[in-house]
Structures are given as C-alpha cells and as structure tokens.
Amino acid sequence: MSDTQGFDTLQVHAGNSGDPATGARQVPIYQTTAFMFKDSDHAARLFNLQEVGNIYSRLTNPTVGALAERITVLEGGVGGICCSSGHAAQIMALFPLMMPGCNVVASTRLYGGTYTQLTQTIKRFGWSSSLVDFDDLDAVKGAIDENTRAIFCESIANPGGYITDLDAIAKIADDAGIPLIVDNTSATPYLCRPFEHGATLIVHSTTKYLTGNGTVTGGAVIDSGKFDWSASDKFPSLSQPESAYHGLNFHEALGPMAFTFHSIAIGLRDLGMTMNPQGAHYTLMGMETLSLRMQKHVANAEKVANWLEADDRVESVTYAGLDSSPYKDRVARICPKGAGALFSFAIKGGYDACVKLVDSVELFSHVANLGDARSLIIHSASTTHRQLSDEQREASGALPNVVRLSIGIEDADDIIADLDQALAKAVG
Ligand SMILES: *Cc1c(COP(=O)(O)O)cnc(C)c1O
C-alpha cells in the first residue's frame, strides 16, 4: 500500500491485495490449524525466521495477518500482531519489555478491567504498576524509577471525558529511555494517531469500534518501529541473545521488526493469546466502514452531549467534545476529528434515579460494552464498579449518580428522545 493513499482507501484495501491462491477479492477465512512445508529446508528456514511464512495458526494465519496489516497501516506503524482480546493485547505489549521486579507507570484514568489487570493481576508475574494523574507531569516523572519499563495510558480515556496530552507524556518517556504504550481503543486511528505524538506501541481492543458491531472480542499490538531497544540494557529479551528462541538477538537480527517478531515467535507461541481467523474476518468487515461510522458516532455524541448539558435534570456531562470541556484545546491537537462517542453524565436523584434510568431506556441497550453501532448505557456503580470501595469508585469516576453512554450510529433524534423519556421516569 502506498503512503499517499487516504484513510478511507486504506481501511478498505490495506492488508488485502487479492488472494494469491484463488484470486478471491475478499480476504478468505483461512480456517486451518497448520500449513504445509514445501520440504524440510523450507521448514528449517521458517523456524529460523530466515523466511517469513505460516507454520501453525497459534503463531500466524493469513486472515489474522491481513487484519494486523490493516490496523498497522492505519496507525502508521511498521508491524503488528492480533490477539484474542484487548486485555490479551495489553499483556502481549508488556511481555517483551518486562521481567520480574519491573514496573509500568500508568494513568489513573483507565478502562475498569485495565485498572484491575495493572494493579492486581500482573503482580502474579512479579510485575507491578504505579498509577498517577497524567495531568501532573512531575508526578509522572517522579513515578519512573530504574525498574520502569513502560508508560501506559489511553488516548481518549474511558469514559471519554479525558484526553491525554500524548506529546507531553511521550517526551517524558523519551527522556527516561522507555517506551510509551497507548491504548487507542476509544479513539481508533481515525480520530487519533498516537505515533504522530511520539508513542512507541499502540494497543487496541478490536472488540469495540474497529469491529463496530459487537460480534467478536479481539486485540492488537502495533509497533512504531522507532524505539532503539539496544540503547540501554533495559530490554534484554529484545537486545540480547534470547534463550527462549535459540539465542536469537531479535533487535540485531530484525531491526525495526524486532518487537513484532518477538511477539509472534515467543509471545504468541508461548502465551497463546491468539486471535482466530473467523474473528479476524468479522473485524476486517467492520473496519471497511470505520471512518464513516466514527464520523456518525462523533456527530451523534456531540448532539446528545449538548442536549444533555442543557437539560435541568442533568447535573453535568463529561464529554471532551463540549465547548465547556477543560480538554477542548487537547481535542484540537490530539484528536482533531472529534473526541469520540463515549462519555458519562451525572443526573439529579443519585443512585436510585440512575438505576431507574437504565431500566427505563428502550433504544439504548443496558450492557457492559462500548463501541457498538447501537447506543449502549451502563450505570458503573451498580455493575462494572460494584466490587470497588467508595474511594476507588470515586477515583475512577464511577460515582453513584453517574451513567456512562456509548453513543451509536442511529438517528440522533431517536437517541435523544429515548433519553428524554427515560429521564422523565427517573428524575421526573
Ligand atoms: C474494552 C477495552 C479493553 C479490553 O478489551 P477486551 O477486548 O474487552 O479484552 C481495554 N481498553 C479499553 C479502552 C477498552 O475499551
């Protein structure tokens, strides 16, 4: 694919120049576990990474590979891999960088599941995290120590009221000689291109807007190819002989593709968080209309957020796309095509009114998901954040009187009418 082609062209064509075996115009679903070696020499070359090819679908599969290439091209990276979910992608991004005793510095503004993964689950690997307010740049710098191996944040942070100053955070990462990993799920490459703001790696939950129709879970890790893994001794798995792959020095042998090959040859091989080809097919189909959907998502979100802000049953709306948002200037710099379609709002009447609201909507679906073509609603305090303490709920914005919306691509007037009738029942 040429770099001169536009986003709308690439979202349809990248990763698919026609099936070489059959001429099929669409990407075939290569529903196979293994691939035939031409002869023993071919097999040896594949296993030695001297030749690129398919061996076994836990490592690579052409349908999954087409999707990885499409996301890589849209993000402007050099290589990428797909995996079974967004949470798998986060582990796959950290895995080549971390060893027991290492830590990641992350934003406090995270998707709920990511918060638990980084603060609890990774401890089992001997990894740890320190979560700080990413608007306090001194706190970010102060949290980095000699065992820090990455900085992690979301571009548009869940639930949408916050835009990370990626340029400022990337500079801190650069000065510390560590990579910046950006979760670009809520923005998608249509709204935000983290590599242009200095990110090293991008992770996605392809489950959300990239697929766009709530059918499959998936994830991706994309590498900018710009990080020098050999500049320090912090990343031995990439820059020194790796015993898990017969002593290969990935950076020396593969240059800018070191991270991607490491992710396939060791990460997918041994952790097995593989995306299946059927799942990749659904996401490839969804991505063909990504820009069209994101334009409608954003236009609808702007209308709905403005309508809510002007309604006196509503206390506040967090959407970064509102003129009243403190992040207005960052939207213009980080995601100029819009602040996404996720936000939360607080209503009068507290917890009970919120429960009544989610029980009264008709067009909205009450589900724990986001980034669907359909409009979705959830009251975090009584669902996803139920197990947290009051303080934890407050820190993550899941206050008792707050409801989160993921605005779909229906008619904005119908979305507003549904909220109007539900608010009438919940607040009066
Ligand atoms: C959904 C989501 C994840 C987790 O992705 P799964 O595909 O559900 O594992 C991570 N980050 C963000 C921002 C998400 O929205």
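Remember, the numbering used here sits 21 above the position in the sequence shown when you count from 1.
Even for Gly, the Cβ is constructed at its ideal location relative to N, Cα and C.
Given the structure is predicted, the values throughout are model-derived calculations rather than measurements.
Exercise. For the putative contact between glutamate 336 and asparagine 270, defined by C-beta atoms under 8 Å, what is the C-beta separation to the nearest angstrom?
Worked result: Contact doesn't hold; Cβ gap of about 57 Å is too wide.
Exercise. DSSP on isoleucine 92, reduced to helix/strand/coil?
Worked result: helix
For this session: Let me know the secondary structure DSSP gives asparagine 327 once reduced to three states.
Result: helix
Exercise. Are at least three pairs of beta-carbons, each pair with one atom in the stretch 423-434 and one in the stretch 361-368, less than 8 Å apart?
Worked result: yes
Exercise. With burial defined as no fewer than 16 other Cβ atoms inside 10 Å of the residue's Cβ, what is the status of threonine 81: buried or exposed?
Worked result: buried
Exercise. Would DSSP call valine 125 helix, strand or coil?
Worked result: strand
Exercise. What are the partner residues of glycine 86, as DSSP defines its beta bridges?
Worked result: Its beta-bridge partners do not exist; DSSP assigns none.
For this session: Measure the CB-CB distance between aspartate 244 and glycine 98 and report whether it falls below 8 Å.
Result: yes
For this session: Return yes when the Cβ of glycine 240 is within less than 8 Å of the Cβ of cysteine 103, no when it is not.
Result: yes
Exercise. From which residue to which residue does the beta strand (DSSP E) around arginine 414 run?
Worked result: Arginine 414 -> not in any beta strand (DSSP E); alpha helix (DSSP H) instead, spanning 411-416.
For this session: Give the secondary structure of aspartate 62 by DSSP, where H, G and I count as helix, E and B as strand, and everything else as coil.
Result: helix
Exercise. Valine 48 and leucine 305: beta carbons closer than 8 Å?
Worked result: yes
Problem set entry | CB contact flag (serine 253, glycine 219, <8 Å) | no
Problem set entry | Close beta carbons around glutamate 90, own chain, < 8 Å, minus the five adjacent residues each side | Ala35, Gly36 and Gly101
For this session: Using a threshold of 8 Å, state whether the C-beta atoms of valine 126 and isoleucine 165 are closer than that.
Result: yes
Exercise. Comparing the CB of threonine 304 with every heavy atom of ligand 1, is any distance shorter than 7 Å?
Worked result: no
For this session: Measure the CB-CB distance between threonine 227 and arginine 79 and report whether it falls below 8 Å.
Result: no
Exercise. Does DSSP classify alanine 447 as helix, strand or coil?
Worked result: helix
Problem set entry | Helix, strand or coil at aspartate 244 [DSSP, three-state] | strand
For this session: State yes or no: is the C-beta of asparagine 168 nearer than 7 Å to some heavy atom of ligand 1?
Result: no
For this session: Using 7 Å as the cut-off, classify the Cβ of aspartate 204 as near or not near the heavy atoms of ligand 3, replying yes or no.
Result: No copy of ligand 3 appears in this structure; the ligands present are ligand 1.
Problem set entry | Per-residue burial, arginine 314 [other beta carbons within 10 Å of its own, 16 or more giving buried] | buried
Problem set entry | Whole-angstrom distance between aspartate 350 and asparagine 69, CA atom to CA atom | 49 Å
Problem set entry | Residue(s) in a DSSP beta bridge with leucine 363 | Ser427
Exercise. Where does the unbroken beta strand (DSSP E) through alanine 171 begin, and where does it stop?
Worked result: 169-175
Exercise. Are the beta-carbon atoms belonging to isoleucine 92 and leucine 187 less than 8 Å from one another?
Worked result: no
Exercise. Since alanine 341 contacts tyrosine 183 with CB under 8 Å, what's their CB separation in whole angstroms?
Worked result: 7 Å
For this session: Could you check the C-alpha separation between serine 346 and glutamate 309 for me, to the nearest Å?
Result: 32 Å
Problem set entry | Three CB pairs or more closer than 8 Å across the stretch 283-291 and the stretch 402-409 | no
Exercise. So what does DSSP say about methionine 22, is it helix, strand or coil?
Worked result: For methionine 22, the predicted structure reports a pLDDT of 45, less than 50, and the residue's modelled location is therefore unreliable. The matter cannot be settled from this model.
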